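Before any comments, here is the structure.
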Amino acid sequence: MCSGFDRIAPFYGVFESFLFGSRLQEMRCTYLDQLTHRRDILLIGEGTGLFLERLLKVNPKTKVTVVEQSAEMMERSRNRVDARDFGRVTFHRVALQEFDAVERFDAVCTFFFWDCFEKSQLQAMLPILSKYTDGESLWIDVDFFEIQEGALITKCWHFMLIRVLYGFFALATGIQARYVVEIEPLARQNGFSVIESHRSEKFPVRARIFKREIGRGVPNSLV
35 MCSGFDRIAP FYGVFESFLF GSRLQEMRCT YLDQLTHRRD ILLIGEGTGL
85 FLERLLKVNP KTKVTVVEQS AEMMERSRNR VDARDFGRVT FHRVALQEFD
135 AVERFDAVCT FFFWDCFEKS QLQAMLPILS KYTDGESLWI DVDFFEIQEG
185 ALITKCWHFM LIRVLYGFFA LATGIQARYV VEIEPLARQN GFSVIESHRS
235 EKFPVRARIF KREIGRGVPN SLV
């Protein structure tokens with residue numbers, strides 16, 4: 035993700051609310067109940083911190099690590115953290131490929147993150163999740179998807195919405211991606227399987243829980 039996200043950080047929340055109301059946040063929180071007893075959670079590309087703020091309230095004991103490349107997004111996320119919770123949150127202003135930690139996390143969250151990347155980039159990035167998870171870890175992902183079935187009018191509406199979003203973010207941030215890559219096949223190649231899924235009724239957005247099969251998904255180059 036390029037530093038262009040710094041440019042849109044000041045009005046990103048307004049942009050999201052104008053287009054989607056509260057629905058994207060509702061989708062982020064679809065499986066929030068799965069995180070109430072997790073002790074070490076990794077948030078990748080947290081953006082402005084809406085989910086982080088909610089997570090810290092529902093899980094008063096968890097420690098959260100945030101990986102966010104945009105300095106402006108990270109600052110807005112940091113500002114949402116209550117002073118009493120500062121000791122529970124660690125921020126890393128790096129790209130996922132540059133993030134390095136010795137621990138493994140019992141939950142990983144990626145919200146509207148993978149859609150910023152092309153397939154070749156995803157093929158290099160997905161294995162990194164294996165490095166920081168084990169058989170007990172949950173990976174919760176929420177993102178847009180390219181609709182393949184349904185009524186023609188719905189498919190046309192969703193297709194146009196995603197094209198407009200990609201056009202805007204290409205101009206505003208410089209991302210190279212032009213369509214949403216389906217990450218499930220890449221996830222399976224790295225030992226992750228979908229165990230639960232939920233779709234938005236109005237928008238082409240999907241929330242999924244992945245779990246890793248024990249003994250799979252840790253390339254030697256990442257160990």
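Each residue of the sequence shown is one higher than the one before, counting from 35 in the working numbering. Each residue gets a CB set at the ideal place from its N, CA and C atoms; glycine is no exception. Fair warning: this is a prediction, and the values are worked out from it, not measured in the lab.
Which residue wins for smallest C-alpha separation from residue i, given the options the options?
| i | options | result |
| --- | --- | --- |
| S111 | L130, R88, F133 and G184 | R88 |
| S115 | A141, F244, K97 and E132 | According to the sequence as given, residue 115 is Val; it is not Ser. Per the Cα distances, K97. |
| I181 | I229, K245, D74 and E216 | E216 |
| Q131 | K165, L199 and C143 | K165 |
| F136 | C190, G121, D74 and K91 | The displayed chain sequence assigns Val, not Phe, to residue 136. Of the listed residues, the one whose Cα sits closest to V136 is D74. |
| Y200 | G47, P219, L186 and F179 | F179 |
| L86 | C63, Q68 and Q103 | C63 |
| G121 | F202, L90 and E50 | L90 |
| E258 | M61, T144 and A241 | Coverage of the chain is limited to positions 35 through 257, which leaves residue 258 absent and any answer about it impossible. |
| Y213 | L58, F193 and S231 | F193 |
Among residues of its own chain, excluding the 5 on either side of residue i, which ones have a beta-carbon nearer than 6 Å to its beta-carbon?
| i | result |
| --- | --- |
| F146 | D177 |
| V100 | L77, E80 and F125 |
| T70 | V92 and N93 |
| G47 | T82 |
| D119 | L90 |
| A129 | Q103 |
| V189 | Here the sequence assigns Lys to residue 189, which means Val is not the residue at that position. Only I181 meet the Cβ criterion. |
Rounding to the nearest angstrom, what Cα-Cα distance links residue i and residue j in this structure?
| i | j | result |
| --- | --- | --- |
| E109 | T82 | 8 Å |
| F237 | W148 | 17 Å |
| A105 | R127 | 7 Å |
| E247 | K153 | 23 Å |
| Q155 | E170 | 26 Å |
| L256 | L220 | Only weak support exists for where L256 lies, its pLDDT of 47 falling under 50; the value from the coordinates is given anyway. Each residue's Cα considered, the two are about 16 Å apart. |
| L53 | R222 | 32 Å |
| K95 | V198 | 40 Å |
| Q157 | E218 | 11 Å |
| S56 | I162 | 31 Å |
| L186 | R72 | 41 Å |
Quickly, what does DSSP pair residue i with across the bridge? List them, please.
| i | result |
| --- | --- |
| A141 | I75 and L172 |
| R122 | Answer is none; R122 lacks a bridge partner. |
| A241 | V176 and H232 |
| K95 | Answer is none; K95 lacks a bridge partner. |
| R246 | F226 |
| V100 | L77 and F125 |
Do residue i and residue j have their CB atoms nearer than 8 Å?
| i | j | result |
| --- | --- | --- |
| F133 | T167 | no |
| L76 | V142 | yes |
| Q68 | L160 | no |
| R41 | A204 | no |
| I174 | I243 | yes |
Got a sec? Which residues, its chain only, sit under 8 Å from residue i by beta carbon, not counting five neighbours each side?
| i | result |
| --- | --- |
| E235 | none |
| L195 | F237 and P238 |
| F49 | I42 |
| L84 | G47, Q59, R62 and R114 |
| S231 | R240, A241, R242 and I243 |
Only counting the same chain, and skipping five residues up and downstream in sequence, which positions put a Cβ closer than 7 Å to that of residue i?
| i | result |
| --- | --- |
| M107 | F39, A43, G81 and T82 |
| M61 | V176, S234, V239 and A241 |
| S51 | none |
| S227 | F244, K245 and E247 |
| Y65 | I174, A241 and I243 |
| F202 | none |
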